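Residue numbers (the UniProt record's numbering): 1 to 435.
Following this line, the structure appears as structure tokens:
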């Protein structure tokens, strides 16, 4: 399997794609084709464990670049927690992706990527760059903490992540450095891309990305679509996934799963007021915008990186997008109302991102009742534990949220970060001096 840039037909292998993160031309690496899984795999899917599914899917993308034994060991380490599909109502399930060490879905991708980078780098020094709007940073920090030879730099927007998320980003120390940027997530992401493509920095250091820019983050995110299907296909109904979408890595991974043969009926790209993709599907024009701050802050992205991969998958044809994806955007007020209704009607607590995904399922039922079997099973991706947004959730629901012990432990630690303006040269000089 070769990997090519979304901007230039330049082939490389998976090792190089993972270690570089971003292609030399600024594009994102994509497999030259999406591998197909055989019918026997799908017939046996309900009988497979999460780890068996992860191994089989990963093997299709990694080929002979890693031995089966090493890959199985990595998969078993990464997927050492459950990802249950929890029933909310008759036809709505929550795929709980928050049972890992930092209690967010990024644990799956970040832990896999950290281990793949460690395997391929063979102990050689590297600088890993990650921009975060909330949960990426903590998962990356957890995944890479203490890995020999790897220094991690996490860029996050000052005052625009929840207090608990900030503690999860800034309390590690050691090989984890937190860079507090006085700007938005889009500023952080733009700085990260500048760092990764800077000639001088690339001559001095081995640099790579830990965002969903990196293909090693995306591959494992496809695992849990297969796992959800394994749990729910016994219901015998079409399955729709509603994905709370910011940088669109999660949705892109779902598209990978479908193109590998998983019979997903439909995707809903559910966004907050940062609605560049819903607008694109409505008008056919993609227009990046400055991000707006919302209560679902991990989705506050005005120019999602993985849209470039989605364009590659759909040959930049809006009509092809529309065959697979419906997309809706929702206000903070609508999000709060959904959280209240789900708690009251079903005794289930959604975080603000899961609430946006819930609204997406409701919007699809209403908008397409004449086109789609109303008896479909809707699966919302619940991407973080509600306690990670305790201030918002408690304010909306007017009740106390129990903070799990592994999150509470971060609150007791001391924040360590370095503040920067939105200025590439200042950040660049810091990285050089940090050598």
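Beta carbons are placed, not taken as given, at the ideal position from N, Cα and C, and that holds for glycine.
Model, not experiment: these values are computed from the prediction.
Exercise for the section: Return the residue from the list 253, 86, 126 that minimises the CA-CA distance to residue 61. Expected result: Sequence index remark: in the chain shown, residue 61 carries index 61 (1-based). Checking every option, the nearest Cα to that of residue 61 belongs to 253.
Handout entry: Reduced DSSP category for residue 522 - H, G, I as helix; E, B as strand; rest coil
Key = Only positions 1 to 435 of the chain appear in this structure, which leaves residue 522 out of reach.
Handout entry: Sheet register partners of residue 31 (DSSP bridge)
Key = Stepping through the chain shown from its first residue, residue 31 is reached at position 31. Note: residue 31 sits in a beta bridge opposite 3.
Problem - Chain-order list of residues whose beta-carbon lies under 8 Å from that of residue 191 (same chain, five-residue window excluded) - result: Here residue 191 is taken as the residue at index 191 of the chain shown, counted from 1. Counting only Cβ-Cβ distances below 8 Å, and skipping sequence neighbours, we find 131, 155, 181, 422, 424, 427.
Practice task
Output the boundary residues of the beta strand (DSSP E) element that contains residue 271.
Solution key: Here the question's residue 271 lines up with position 271 in the chain shown. Counting along the chain, the beta strand (DSSP E) containing residue 271 begins and ends at 266-271.
Practice task
Determine the extent of the alpha helix (DSSP H) in which residue 280 is found, giving its start and end residues.
Solution key: As a position in the chain shown, residue 280 is number 280, starting the count at 1. First-last of the alpha helix (DSSP H) with residue 280: 276-283.
Handout entry: Same chain, Cβ closer than 8 Å to residue 418, five either side skipped, listed in chain order
Key = In the chain shown, counting from the first residue as 1, residue 418 sits at position 418. Answer for residue 418: 177, 178, 179, 180, 430, listed in chain order.
Problem - First through last residue of the alpha helix (DSSP H) which encompasses residue 77 - result: The residue given as residue 77 occupies position 77 in the chain shown. Run containing residue 77: 68-78, per the alpha helix (DSSP H) assignment.
Exercise for the section: Would you check if the segment 113-121 and the segment 318-334 touch, i.e. whether three or more CB-CB distances between them fall below 8 Å? Expected result: no
Exercise for the section: Consult DSSP for residue 89 and reduce its assignment to one of helix, strand or coil. Expected result: Against the chain shown, residue 89 aligns to sequence position 89. Residue 89 falls in the strand class under three-state DSSP.
Exercise for the section: Compute the Euclidean distance between the alpha carbons of residue 379 and residue 85, then round it to the nearest angstrom. Expected result: Walking along the chain shown from the start, residue 379 turns up at place 379. Walking along the chain shown from the start, residue 85 turns up at place 85. Roughly 8 Å between the two C-alpha positions.
Handout entry: Exposed unless 16 or more other CB atoms sit within 10 angstroms - verdict on residue 275
Key = Here the question's residue 275 lines up with position 275 in the chain shown. Buried, because 16 or more other Cβ atoms sit within 10 Å of the Cβ of residue 275.
Handout entry: Integer-rounded CB distance, given that residue 32 should sit under 8 Å from residue 11
Key = Stepping through the chain shown from its first residue, residue 11 is reached at position 11. Stepping through the chain shown from its first residue, residue 32 is reached at position 32. Confirmed, Cβ separation roughly 7 Å.
Problem - Cβ pair residue 63, residue 223 closer than 7 Å - result: Counted from its first residue, the chain shown places residue 63 at position 63. Counted from its first residue, the chain shown places residue 223 at position 223. Cβ distance not < 7 Å, so residue 63 and residue 223 don't count as in contact.
Exercise for the section: Evaluate the contact criterion for the segment 260-280 versus the segment 223-232: three or more CB pairs, one atom per stretch, below 8 Å. Expected result: yes
Handout entry: residue 39 classed as buried or exposed, judged by whether at least 16 other C-beta atoms fall within 10 angstroms
Key = Position 39 of the chain shown, counting from 1, holds the residue named residue 39. Label assigned to residue 39: exposed.
Problem - DSSP-derived helix/strand/coil call for residue 355 - result: As a working mapping, residue 355 is identified with position 355 in the chain shown. Residue 355: helix per DSSP, three-state reduction.
Practice task
Could you tell me which uninterrupted beta strand (DSSP E) segments, each at least 3 residues in length, are contained entirely in the segment 215-252, listed from first to last along the chain?
Solution key: 239-244
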